[in-house]
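A.B. asks: This structure is in structure tokens; I'll ask about it shortly.
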Amino acid sequence: MATSGPFGGKLASWPVLRQLRSGDVTGLGATAASARTRGLAARIRTADAVVKSVCPYCAVGCGQLVYVKDGKLLDIEGDPDSPISGGTLCPKGAATFQLVTGTHRLDRVLYRRPYGTEWEVLPLEQAMDMVAKRVKRTREETWEETSEDGEALHRTLGIAHLGGATLDNEENYLIKKLFTALGVVQVENQARI
Ligand code: SF4
13 MATSGPFGGK
23 LASWPVLRQL
33 RSGDVTGLGA
43 TAASARTRGL
53 AARIRTADAV
63 VKSVCPYCAV
73 GCGQLVYVKD
83 GKLLDIEGDP
93 DSPISGGTLC
103 PKGAATFQLV
113 TGTHRLDRVL
123 YRRPYGTEWE
133 VLPLEQAMDM
143 VAKRVKRTRE
153 ETWEETSEDG
163 EALHRTLGIA
173 HLGGATLDNE
183 ENYLIKKLFT
193 ALGVVQVENQ
203 ARI
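FYI, in the working numbering the residues of the sequence shown are 13 to 205.
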């Protein structure tokens, strides 16, 4: 097949021609790669340390490998040695690296006042004080000591807690302890995707 002339070089690199020349008719062999793809390498190859860890997000406990370079997080992948997960991670566990490093994460407290139309940035200490005061006030206002029949209740139905998917096991443990101690019975969490 003629591939010379002004387009000879480009035609010669055309995947179909390379397939025909090499007999790689399915295109799944070497002809599937270009010079660019041959030059690609996983960034974990440049890591100078790998630390074994466990995904913190749910009770499955999948194994993770944490890759570090120059003292900074490079990537987090599934651990093939884990008897629990065999190197796999669910979408949430697989996104742990992005969760830690993602630039889209909000790292400031945003507050919209009643009837407000704009978000305002609050210091964390101020926001925590506001939450604590509202929890205390609501608990006192809605506390049920006994039922109408005199049975002990010791609860409030005025507060509920819904945990997010990125709370880890230890955080969820402490949240459950705290809210149960406060007499809150509606405690939920979206543990995994
Ligand atoms: S959140 Fe996903 S990856 Fe993490 S332990 Fe649970 S199932 Fe495994």
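Idealized CB from N, CA, C, for every residue including glycine.
Predicted, not measured: the structure shown is a model, and the values here were computed from it.
Tell me the rounded alpha-carbon separation between Gly-35 and Ala-53.
C.D. replies: Here residue 35 refers to the residue found at position 23 of the sequence shown. Here residue 53 refers to the residue found at position 41 of the sequence shown. Going by the C-alpha atoms only, they are around 27 angstroms apart.
A.B. asks: Is Val-72 near ligand 1, judged by its Cβ being under 7 angstroms from some heavy atom?
C.D. replies: Stepping through the sequence shown from its first residue, residue 72 is reached at position 60. Within the chosen limit of 7 angstroms, ligand 1 reaches the beta carbon of Val-72 through at least one heavy atom.
A.B. asks: Taking 7 angstroms as the cut-off, is the C-beta of Tyr-185 nearer than that to any heavy atom in ligand 1?
C.D. replies: Residue 185 sits at position 173 when you count from the first residue of the sequence shown. Answer for Tyr-185: no, Cβ out of range of ligand 1.
A.B. asks: Relative to the C-alpha of Val-133, which residue among Ser-97, Val-199, Asp-119 is closest?
C.D. replies: For this step, residue 133 is matched to residue 121 along the sequence shown. Considering only alpha carbons, the answer is Asp-119.
A.B. asks: Please classify Asp-36: does DSSP put it in a helix, a strand, or coil?
C.D. replies: Residue 36 sits at position 24 when you count from the first residue of the sequence shown. DSSP, read as helix, strand or coil, puts Asp-36 in coil.
A.B. asks: Please classify Ile-96 as buried or exposed, where buried requires at least 16 neighbouring CB atoms within 10 angstroms.
C.D. replies: Within the sequence shown, residue 96 is the residue found at index 84, counting from 1. Answer is exposed; the Cβ neighbour count stays below 16.
A.B. asks: Using CA atoms only, rank isn't needed, just tell me which of Leu-29, Ala-71, Thr-43, Thr-49 is closest to Asn-184.
C.D. replies: Locating residue 184 in the sequence shown gives position 172, where the first residue counts as 1. Asn-184 has its Cα closest to that of Ala-71, out of Leu-29, Ala-71, Thr-43, Thr-49.
A.B. asks: I believe Thr-100 touches Gly-90 by the beta-carbon criterion, under 8 angstroms. Please report the beta-carbon distance rounded to the nearest angstrom.
C.D. replies: The residue labelled residue 100 in the question sits at position 88 within the sequence shown. The residue labelled residue 90 in the question sits at position 78 within the sequence shown. The Cβ separation is near 5 angstroms, so the contact holds.
A.B. asks: Is it buried or exposed, Val-196, if we count other Cβ atoms within 10 angstroms and call 16 or more buried?
C.D. replies: Start at 1 with the first residue of the sequence shown, and residue 196 comes out as number 184. Result: buried.
A.B. asks: Among Val-66, Ala-59, Pro-103, which has the Cα closest to the Cα of Leu-85?
C.D. replies: By 1-based counting over the sequence shown, the position of residue 85 is 73. For Leu-85, the nearest C-alpha among the options comes from Ala-59.
A.B. asks: Specify, as a first and last residue, the run of the beta strand (DSSP E) that Thr-178 falls within.
C.D. replies: What you label residue 178 is simply residue 166 of the sequence shown in a count that begins at 1. Note, Thr-178: premise wrong, no beta strand (DSSP E); not H, not E.
A.B. asks: Quick check: is any heavy atom of ligand 1 less than 7 angstroms from the C-beta of Lys-64?
C.D. replies: Taking the sequence shown and counting its residues from 1, the one referred to as residue 64 is at position 52. Outside the cutoff, so no.
A.B. asks: Taking the alpha-carbon positions, what's the Val-112 to Asp-82 distance?
C.D. replies: Here residue 112 refers to the residue found at position 100 of the sequence shown. Here residue 82 refers to the residue found at position 70 of the sequence shown. The alpha-carbon atoms of Val-112 and Asp-82 are separated by roughly 17 angstroms.
A.B. asks: Quick check on Tyr-127: buried or exposed, where buried means 16 or more other Cβ atoms within 10 Å of its Cβ?
C.D. replies: Along the sequence shown, read from residue 1 onward, the residue named residue 127 stands at position 115. By the 10 Å Cβ count, Tyr-127 comes out exposed.
A.B. asks: Using the DSSP secondary-structure output, state which residues sit across from Ala-164 in a beta bridge.
C.D. replies: Your numbering for residue 164 matches position 152 in the sequence shown. Note: Ala-164 is bridge-paired with Thr-158 in the DSSP secondary-structure output.
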